[in-house]
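J.: The opening residue of the sequence shown carries number 1 in UniProt numbering; numbering runs sequentially from there.
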Amino acid sequence: MTTFPEFIQQNEDRDGVRFSWNVWPSSRLEATRMVVPVASLFTPLKERPDLPPIQYEPVLCSRATCRAVLNPLCQVDYRAKLWACNFCYQRNQFPSTYAGISEVNQPAELLPQFSTIEYVVQEMLGLTKPTAAQAGRGQQQQQQPALPSNRFLQPVQKIDMNLTDLLGELQRDPWPVTQGKRSLRSLGVAMSIAVGLLECTFPNTGARIMTFIGGPATQGPGMVVGDELKTPIRSWHDIEKDNAKFMKKATKHYEALAGRAAANGHIIDIYACALDQTGLAEMKCCTNHTGGYMVMADSFNTSLFKQTFQRVFTKDVQGAFKMAFAGTLEIKTSREIKISGAIGPCVSLNAKGPSVSENEIGTGGTCQWKICGLDPNTTLAVYFEVVNQHNAPIPQGGRGAVQYVTQYQHSSGQRRIRVTTVARNWADAQTQIQNIAASFDQEAAAILMARLAVHRAESEEGPDVLRWLDRQLIRLCQKFGDYHKDDPNSFRFSETFSLYPQFMFHLRRSPFLQVFNNSPDESSYYRHHFMRQDLTQSLIMIQPILYAYSFNGPPEPVLLDSSSILPDRILLMDTFFQILIYHGETVAQWRKAGYQDMPEYENFRHLLQAPVDDAQEILHTRFPMPRYIDTEHGGSQARFLLSKVNPSQTHNNMYAWGQESGAPILTDDVSLQVFMDHLKKLAVSSAA
1 MTTFPEFIQQ
11 NEDRDGVRFS
21 WNVWPSSRLE
31 ATRMVVPVAS
41 LFTPLKERPD
51 LPPIQYEPVL
61 CSRATCRAVL
71 NPLCQVDYRA
81 KLWACNFCYQ
91 RNQFPSTYAG
101 ISEVNQPAEL
111 LPQFSTIEYV
121 VQEMLGLTKP
131 TAAQAGRGQQ
141 QQQQPALPSN
151 RFLQPVQKID
161 MNLTDLLGEL
171 QRDPWPVTQG
181 KRSLRSLGVA
191 MSIAVGLLEC
201 TFPNTGARIM
211 TFIGGPATQG
221 PGMVVGDELK
231 TPIRSWHDIE
241 KDNAKFMKKA
251 TKHYEALAGR
261 AAANGHIIDI
271 YACALDQTGL
281 AEMKCCTNHT
291 GGYMVMADSF
301 NTSLFKQTFQ
311 RVFTKDVQGA
321 FKMAFAGTLE
331 IKTSREIKIS
341 GAIGPCVSLN
351 AKGPSVSENE
361 IGTGGTCQWK
371 ICGLDPNTTL
381 AVYFEVVNQH
391 NAPIPQGGRG
401 AVQYVTQYQH
411 SSGQRRIRVT
421 TVARNWADAQ
431 TQIQNIAASF
441 DQEAAAILMA
451 RLAVHRAESE
461 EGPDVLRWLD
471 RQLIRLCQKF
481 GDYHKDDPNS
491 FRFSETFSLY
501 PQFMFHLRRS
511 PFLQVFNNSP
521 DESSYYRHHF
531 MRQDLTQSLI
541 MIQPILYAYS
551 FNGPPEPVLL
561 DSSSILPDRI
571 LLMDTFFQIL
581 IYHGETVAQW
591 RKAGYQDMPE
601 YENFRHLLQA
611 PVDDAQEILH
621 TRFPMPRYID
631 TEHGGSQARF
641 LLSKVNPSQT
651 HNNMYAWGQE
661 SGAPILTDDV
671 SLQVFMDHLK
681 KLAVSSAA
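1) On a CA-only basis, which of Ile565, Pro626 and Gly635 is nearest Phe309? Give me that one, please.
2) Starting from Ala453, trace the alpha helix (DSSP H) both ways and give me its first and last residue.
3) At the level of alpha carbons, what is the spacing between Leu197 and Gly206?
4) Tell me, please, whether the segment 384 to 393 touches the segment 312 to 323 by the rule of three or more beta-carbon pairs shorter than 8 Å.
5) Where do the ends of the alpha helix (DSSP H) carrying His266 lie?
6) Could you check whether the segment 551 to 562 touches the segment 329 to 339, counting it as contact only if at least three pairs of C-beta atoms, one from each stretch, sit closer than 8 Å?
7) So Val224 packs on Ala250, CB below 8 Å; how close in whole Å?
8) What residues are listed by DSSP as bridge partners for Ala342?
9) Apart from the five residues just before and just after Met124, which ones in its own chain have a Cβ nearer than 7 Å to its Cβ?
10) According to DSSP, is Asp669 helix, strand or coil?
11) Which one of Ala108, Ser20, Glu461 and Lys370 has the shortest CA to CA distance from Tyr56?
12) Using the C-alpha atoms, what's the distance from Val317 back to Pro53?
13) Pick helix, strand or coil for Thr211, following the three-state DSSP scheme.
14) How big is the Cα-Cα spacing for Asp574 and Thr290?
15) Do Ile474 and Ala683 have their C-beta atoms closer together than 8 Å?
16) Kindly give me the distance between the Cβ atoms of Trp236 and Pro520, rounded to whole angstroms, as I take these residues to be in contact under 8 Å.
17) CB Gly222 to CB Gly188, shorter than 8 Å?
18) Roughly how many angstroms separate the alpha carbons of Pro554 and Gln502, rounded to a whole number?
19) Is the segment 363 to 379 touching the segment 253 to 273, taking contact as three or more C-beta pairs under 8 Å?
20) Buried or exposed: which applies to Leu275, given that a residue is buried once 16 or more other Cβ atoms fall within 10 Å of its Cβ?
21) Assign Ala80 to buried or exposed, taking buried as 16 or more other Cβ atoms, counted over all protein chains shown, within 10 Å of its Cβ.
22) According to the neighbour-count rule (16 or more other Cβ atoms, all chains shown, within 10 Å of its Cβ), is Asp15 buried or exposed?
23) If I measure Cβ to Cβ from Gly319 and keep anything under 6 Å in the same chain, skipping five residues before and after, which residues do I get?
24) Flag this pair as touching only if the segment 478 to 495 and the segment 69 to 80 have three or more C-beta atom pairs under 8 Å; answer yes or no.
25) Are Tyr582 and Leu641 close, meaning C-beta to C-beta below 8 Å?
26) Could you tell me the alpha carbon to alpha carbon distance between Cys66 and Glu617, rounded to whole angstroms?
27) Alpha carbon to alpha carbon, how far is Leu539 from Gln609?
28) Any idea what DSSP makes of Gln154, helix, strand or coil?
29) Can you tell me where the beta strand (DSSP E) holding Met598 begins and where it ends?
30) At what residue ranges does the UniProt domain "Gelsolin-like" (555 to 641) contain a whole run of the beta strand (DSSP E), taking only runs of 3 or more?
31) Apart from the five residues on each side of it in sequence, which residues of its chain come closer than 8 Å, Cβ to Cβ, to Gly215?
32) The alpha helix (DSSP H) that contains His506, what's its start and end?
33) With DSSP run on the structure shown, which of helix, strand or coil describes Val674?
34) Do you know how far the Cα of Gly220 is from the Cα of Arg234?
35) According to DSSP, simplified to helix, strand and coil, what is Pro203?
36) Here's the rule: buried if 16 or more other CB atoms are within 10 angstroms of the residue's CB, otherwise exposed. What is Tyr383?
Here it is in structure tokens:
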């Protein structure tokens with residue numbers, strides 16, 4: 001018998017789908033009482049080496065309002081060559097090409113292991129411009145047009161040398177900048193020209209605009225700051241006080257550009273390299289709405305930026321770029337469930353249908369979204385609403401189904417359709433609440449709720465979002481915790497829920513919800529990556545991973561806690577954006593004394609090298625490339641570690657009796673233990 005964790009992992013590996021609940025409450029009323037909505041994290045282009053694309057068209061349901069794709073959940077009559085759609089129950093005739101199918105000769109799309117399948121769409125004659133030869137009678141001389149065609153735009157093969165020469169000749173703008181002034185940059189106009197050119201020449205075709213920004217826009221449409229250096233660029237304080245003079249107008253300009261680019265399936269990437277802010281907060285919609293990349297660094301000359309940029313062009317084993325263009329995602333659902341919306345790098349296609357819910361979450365009111373840019377990690381959060389009424393029970397053994405249909409342009413130019421069809425059991429929450437509780441995926445639920453919170457933080461006040469998050473957590477504890485009224489010590493959470501409060505604790509402290517000590521550009525950058533990465537990377541962003549290296553044994557994962565910081569340990573912390581190696585006090589002293597260079601202390605040299613090797617492994621695979629930090633006890637950059645760990649020991653309780661050894665943190669932030677104590681108290685309270 002497969003356990004739920006194994007079932008969840010198998011489904012993620014096969015289909016790129018993680019649901020918050022893997023058994024669904026069978027009525028709208030019970031679903032609202034679950035606190036965490038029925039929702040999924042979906043990675044449309046999850047890498048599957050065992051999934052070769054099929055060279056024929058998908059078979060669609062004949063009902064005009066359905067058009068679902070044939071899948072393993074459909075009932076098939078092999079004798080009559082009929083199949084029943086599992087979404088609308090329409091009976092459909094198989095096309096003539098399927099005449100030879102039988103129970104022992106099934107097409108791939110009916111095999112259970114192909115719940116995710118990819119089709120290559122054959123080019124139709126009507127879709128491509130034919131290469132026609134023109135024949136004339138020869139009675140008159142053909143006039144050569146005065147201007148050669150394609151004067152400004154040429155295929156790269158034709159102008160390869162010229163392009164290389166142009167890039168080689170590029171140099172810094174020699175125009176002198178007056179002292180006390182900023183360089184004049186017409187970024188808004190430059191982006192407008194790029195969008196306009198692609199709009200005219202390649203509408204509704206995959207394309208990518210790469211924007212390299214060395215400073216903020218200081219003139220023209222889209223300017224974010226004046227050219228006077230004495231006037232600083234807007235801060236969070238200015239935004240809260242409605243003091244950001246250029247922000248609304250600039251944001252409106254970039255939103256219009258993002259809308260035009262997204263309508264044509266074009267991607268906008270932003271590579272911003274400067275020591276000060278460049279206006280990412282105003283331009284974030286350009287990347288967020290088009291599925292583009294956002295990269296932030298100190299300078300274009302740093303290896304951090306160069307290696308990140310090279311990684312944009314990574315290729316798969318077939319030699320094709322790991323990027324897809326002009327994608328659309330359509331979702332089809334069973335009658336008992338509807339789509340509330342999606343949160344991620346997408347825009348609505350405003351496609352109404354029977355499966356669209358009136359209650360919108362994120363980008364809602366549609367069952368189709370445009371995702372202009374996709375890569376193997378691009379992940380959308382999709383939220384559903386159970387609409388089945390309480391007095392209309394679902395028969396025992398009934399299953400709800402969801403089909404994700406992703407159409408996209410492969411980097412080779414092929415049009416492909418990837419279809420993922422999944423189903424989950426229904427359960428009556430009044431009699432089978434234990435089944436539903438056991439099916440809870442706390443990791444997926446934490447990311448789905450975090451995306452909701454970050455989405456709300458874009459338009460709501462920070463404290464309001466934290467209060468909403470706290471209320472949801474308290475309600476979940478009240479619903480699924482095991483306790484006696486008004487007795488906090490009696491509170492117990494089952495294993496499937498035990499990590500969820502910890503994720504929420506770290507989320508509350510994360511840069512996605514806390515803007516203190518971050519500029520508006522930094523907050524936009526962090527949120528951009530959180531809203532597009534897959535579950536594993538998103539969890540690392542919320543709760544960084546900490547590994548310990550010592551002479552006591554092999555490297556081991558340790559708690560993200562101040563008690564893990566010991567003098568004879570080396571710690572490796574991965575926060576997604578940073579890879580940090582921290583040397584404990586004793587280890588740092590040994591390193592300064594040069595023990596690693598002495599032959600008799602070779603084991604110490606190996607100890608120092610182990611975290612460096614592990615860090616390199618992470619650095620080689622991640623996009624964008626993380627910042628690499630090597631620090632030690634008392635080092636200025638140790639602050640990155642101290643700000644992330646749970647402050648179980650602070651300057652207030654460091655001398656308490658029975659306190660574990662470890663490094664005290666100078667902070668007034670509450671620790672996880674205090675947070676949990678308050679949570680238990682509120683959850684068991686009769687007044688709540």
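Where a beta carbon is used, it is the ideal one built from N, C-alpha and C, also for glycine.
T.: With the structure as the only source:
1) Indexing the sequence shown from 1 puts residue 309 at position 309. The shortest CA-to-CA distance from Phe309 to any of Ile565, Pro626 and Gly635 is the one to Pro626.
2) The count along the sequence shown starts at 1 and reaches residue 453 at position 453. Counting along the chain, the alpha helix (DSSP H) containing Ala453 begins and ends at Gln442 to Ala457.
3) Locating residue 197 in the sequence shown gives position 197, counting from the first residue. Locating residue 206 in the sequence shown gives position 206, counting from the first residue. Leu197 and Gly206 have their C-alpha atoms roughly 14 Å apart.
4) Contact between the segment 384 to 393 and the segment 312 to 323 is not established, with fewer than three Cβ pairs separated by less than 8 Å.
5) Position 266 of the sequence shown, counting from 1, holds the residue named residue 266. Not the alpha helix (DSSP H): His266 falls in the beta strand (DSSP E), residues His266 to Cys273.
6) No: the two stretches stay apart, fewer than three of their Cβ pairs being nearer than 8 Å.
7) To locate residue 224, count along the sequence shown from 1; it is residue 224. To locate residue 250, count along the sequence shown from 1; it is residue 250. Between Val224 and Ala250, the beta carbon gap of about 5 Å places them in contact (Cβ cut-off 8 Å).
8) Residue 342 sits at position 342 when you count from the first residue of the sequence shown. DSSP output for Ala342 lists Thr363 and Val382 as bridge partner(s).
9) As a first step, residue 124 is located in the sequence shown; it is residue number 124 there, counting from the start. Only weak support is given to the placement of Met124: the predicted model assigns it a pLDDT of 49, under 50, and the value that follows is read from those uncertain coordinates. Take Met124, set aside five residues on each side of it, and no residue of its chain has a beta-carbon closer than 7 Å to its own.
10) Residue numbering aside, residue 669 sits at position 669 when the sequence shown is read from its first letter. In this structure, Asp669 counts as coil in the three-state DSSP scheme.
11) Position 56 of the sequence shown, counting from 1, holds the residue named residue 56. Nearest in C-alpha terms to Tyr56, of all of Ala108, Ser20, Glu461 and Lys370, is Ala108.
12) In the sequence shown, counting from the first residue as 1, residue 53 sits at position 53. In the sequence shown, counting from the first residue as 1, residue 317 sits at position 317. Straight-line measurement puts the Cα of Val317 at about 14 Å from the Cα of Pro53.
13) What you label residue 211 is simply residue 211 of the sequence shown in a count that begins at 1. Strand, per DSSP.
14) In the sequence shown, residue 574 corresponds to position 574, counting from 1. In the sequence shown, residue 290 corresponds to position 290, counting from 1. Cα atoms of Asp574 and Thr290: separation of roughly 28 Å, rounded to the nearest angstrom.
15) As a working mapping, residue 474 is identified with position 474 in the sequence shown. As a working mapping, residue 683 is identified with position 683 in the sequence shown. Going by C-beta atoms, Ile474 is nearer than 8 Å to Ala683.
16) Counted from its first residue, the sequence shown places residue 236 at position 236. Counted from its first residue, the sequence shown places residue 520 at position 520. Contact flag correct, Cβ pair sits at about 6 Å.
17) As a first step, residue 222 is located in the sequence shown; it is residue number 222 there, counting from the start. As a first step, residue 188 is located in the sequence shown; it is residue number 188 there, counting from the start. Yes, Cβ-Cβ distance for Gly222 and Gly188 is below 8 Å.
18) Taking the sequence shown and counting its residues from 1, the one referred to as residue 554 is at position 554. Taking the sequence shown and counting its residues from 1, the one referred to as residue 502 is at position 502. Between Pro554 and Gln502, the C-alpha separation is close to 26 Å.
19) A contact exists between the segment 363 to 379 and the segment 253 to 273.
20) Within the sequence shown, the letter at position 275 stands for residue 275. Per the 10 Å Cβ criterion, exposed.
21) Walking along the sequence shown from the start, residue 80 turns up at place 80. So Ala80 ends up on the exposed side.
22) Residue mapping note: residue 15 aligns to position 15 of the sequence shown, counting from 1. Around the beta carbon of Asp15, 16 or more other beta carbons sit within 10 angstroms, so the residue counts as buried.
23) The count along the sequence shown starts at 1 and reaches residue 319 at position 319. Apart from the 5 residues on each side of it in sequence, Gly319 has no Cβ closer than 6 Å to any other Cβ in its chain.
24) Pairwise C-beta distances place the segment 478 to 495 out of contact with the segment 69 to 80, as fewer than three of them are shorter than 8 Å.
25) Position 582 of the sequence shown, counting from 1, holds the residue named residue 582. Position 641 of the sequence shown, counting from 1, holds the residue named residue 641. The answer is yes: Cβ separation under 8 Å.
26) For the purposes of this step, residue 66 is identified with residue 66 of the sequence shown, where counting begins at 1. For the purposes of this step, residue 617 is identified with residue 617 of the sequence shown, where counting begins at 1. If you take the alpha carbons of Cys66 and Glu617, they lie about 46 Å apart.
27) By one-based count along the sequence shown, residue 539 stands at place 539. By one-based count along the sequence shown, residue 609 stands at place 609. In a straight line, the C-alpha of Leu539 is about 27 Å away from that of Gln609.
28) Stepping through the sequence shown from its first residue, residue 154 is reached at position 154. Gln154 sits in coil when the DSSP states are folded into three classes, being neither helix nor strand.
29) On the sequence shown, residue 598 is found 598 positions in, with the first residue counted as 1. Segment: none, Met598 is in no beta strand (DSSP E) and carries neither H nor E.
30) Scanning the UniProt domain "Gelsolin-like" (555 to 641) from its first residue to its last, the whole beta strand (DSSP E) runs of 3-plus residues come out as 570 to 574, 578 to 583 and 627 to 632.
31) Mapped onto the sequence shown, residue 215 falls at position 215. The residues are Arg182, Ser183, Arg185, Ala274, Asp276 and Thr278.
32) Counting from 1 along the sequence shown, the entry for residue 506 is found at position 506. Where His506 is concerned, the enclosing alpha helix (DSSP H) stretches over Tyr500 to Arg509.
33) For the purposes of this step, residue 674 is taken as the residue at position 674 of the sequence shown. The answer is helix: DSSP assigns Val674 an H, G or I state.
34) In the sequence shown, residue 234 corresponds to position 234, counting from 1. In the sequence shown, residue 220 corresponds to position 220, counting from 1. The alpha-carbon separation between Arg234 and Gly220 amounts to approximately 18 Å.
35) By one-based count along the sequence shown, residue 203 stands at place 203. If DSSP states are grouped into helix, strand and coil, Pro203 belongs with coil.
36) The residue you call residue 383 lines up with position 383 of the sequence shown. With 16 or more other CB atoms across the displayed protein chains lying within 10 angstroms of its CB, Tyr383 is buried.
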